[in-house]
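Residue numbers for the sequence shown follow this note's numbering, beginning at 267 and rising by one.
First up is the structure itself, then whatever we jot down about it.
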Amino acid sequence: MKVAVTSTGNTLDSTLDQRFGRCTCFVIYNTETKGIEFIPNPNRDAQEGAGPASVQIVASRGVEKVISGEFGFKIKSLFDSLKIQMIVLKEPEKKISEIIDMLNN
267 MKVAVTSTGN TLDSTLDQRF GRCTCFVIYN TETKGIEFIP NPNRDAQEGA GPASVQIVAS
327 RGVEKVISGE FGFKIKSLFD SLKIQMIVLK EPEKKISEII DMLNN
């Protein structure tokens, strides 16, 4: 299963970005192969529509779950229609490596 995590940077020492649509980077983690892909978010500085455009990025990678600190109000229906689960994690200090460890246990 592939899981997207919003990140403040492109390393495992980066922390969870609290903003889904305007996060710095998406980390795509494959729980089966343990593969990790860092994808810079081109919507970070978008005037509008950052959330829906970011949904398309993670959906195009075959993600089944997304972990972030918060999601915009337009996002839930989009993820629901794509059968992608949203997970809210209110721990901005949590490192990406720690989140991946949680997914493996």
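Each residue gets a CB set at the ideal place from its N, CA and C atoms; glycine is no exception.
The structure presented is a predicted model; accordingly, all values stated were derived computationally and were not measured.
Beta carbon of residue i nearer than 8 Å to that of residue j
| i | j | result |
| --- | --- | --- |
| residue 264 | residue 269 | Shown here, the chain extends from 267 to 371; a query on residue 264 therefore has no answer. |
| residue 334 | residue 354 | yes |
| residue 323 | residue 292 | yes |
| residue 352 | residue 342 | yes |
| residue 283 | residue 272 | yes |
| residue 319 | residue 350 | no |
| residue 361 | residue 279 | yes |
Nearest candidate by alpha-carbon position, reference residue i, set the options
| i | options | result |
| --- | --- | --- |
| residue 317 | 277, 285, 368 | 285 |
| residue 267 | 301, 280, 273, 274 | 301 |
| residue 306 | 314, 315, 294 | 294 |
| residue 365 | 345, 315, 344, 332 | 332 |
Through-space distance from residue j to residue i, alpha-carbon basis
| i | j | result |
| --- | --- | --- |
| residue 308 | residue 288 | 9 Å |
| residue 348 | residue 290 | 23 Å |
| residue 356 | residue 370 | 19 Å |
| residue 281 | residue 274 | 6 Å |
| residue 277 | residue 359 | 14 Å |
| residue 337 | residue 367 | 23 Å |
| residue 363 | residue 327 | 20 Å |
Element boundaries [alpha helix (DSSP H), containing residue i]
| i | result |
| --- | --- |
| residue 342 | 341 to 348 |
| residue 306 | Not the alpha helix (DSSP H): residue 306 falls in the beta strand (DSSP E), residues 302 to 306. |
Range covered by the beta strand (DSSP E) that runs through residue i
| i | result |
| --- | --- |
| residue 273 | 268 to 273 |
| residue 334 | 331 to 334 |
Beta-bridge pairing of residue i - partner residues as DSSP gives them
| i | result |
| --- | --- |
| residue 369 | Paired residue(s): none; residue 369 is not in a bridge. |
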